[in-house]
Amino acid sequence: MSNLPKRIIKESERLISDPVPGITAVPHEDNLRYFDVTIQGPDQSPYEGGVFELELYLPDDYPNHWSPALQIRTILLSVQALLAAPNPNDPLANDVAEEWLQNETAAIETAKQWTSLHAQPKPAVAED
1 MSNLPKRIIK ESERLISDPV PGITAVPHED NLRYFDVTIQ GPDQSPYEGG VFELELYLPD
61 DYPNHWSPAL QIRTILLSVQ ALLAAPNPND PLANDVAEEW LQNETAAIET AKQWTSLHAQ
121 PKPAVAED
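Numbers 1 to 128, taken from the UniProt record's numbering, label the letters of the sequence shown in order.
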């Protein structure tokens with residue numbers, strides 16, 4: 001861990017000691033710039049009950065060329081906030097945003113279906 005910037009070490013330690021509700025972020029042992037992340041779908045959203053698995057990679061320019069206000073924690077909170085309140089005016093996928101803008105009810109139903117199909121919690125594995 002010694003070759004990592006102190007900021008990454010401190011942020012990683014904080015994520016473990018003071019986790020964000022509904023979010024887990026675990027750094028890879030072999031590369032502490034990679035994190036396995038899970039975000040629970042926010043209550044009263046189309047994603048409620050879902051568990052979304054992500055990979056987060058901190059590029060080599062992090063944190064040197066990043067605002068001190070933009071931390072790992074705030075990045076993850078921003079993703080969680082997008083699940084709670086999707087913004088079709090700033091889309092990653094134009095076709096999904098277009099559906100959301102044209103027929104929000106249908107888009108919400110699609111989001112619920114996809115959450116049910118693709119973002120269900122993994123069954124617990126029994127330990128012997």
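Even glycine gets a Cβ: it sits at the ideal position worked out from N, Cα and C.
- About 16 Å separates the beta carbons of V51 and Q113, which is beyond the 8 Å limit, so they are not a contact pair.
- With contacts defined by Cβ atoms closer than 8 Å, G22 and I39 form a contacting pair.
- Your pair P88 and A81 does not check out as a contact, with CB atoms roughly 15 Å apart and the cut at 8 Å.
- Scanning S12, G41, W66 for the CA closest to the CA of E29 turns up S12.
- As the crow flies, the alpha-carbon of L58 is around 31 Å from that of I108.
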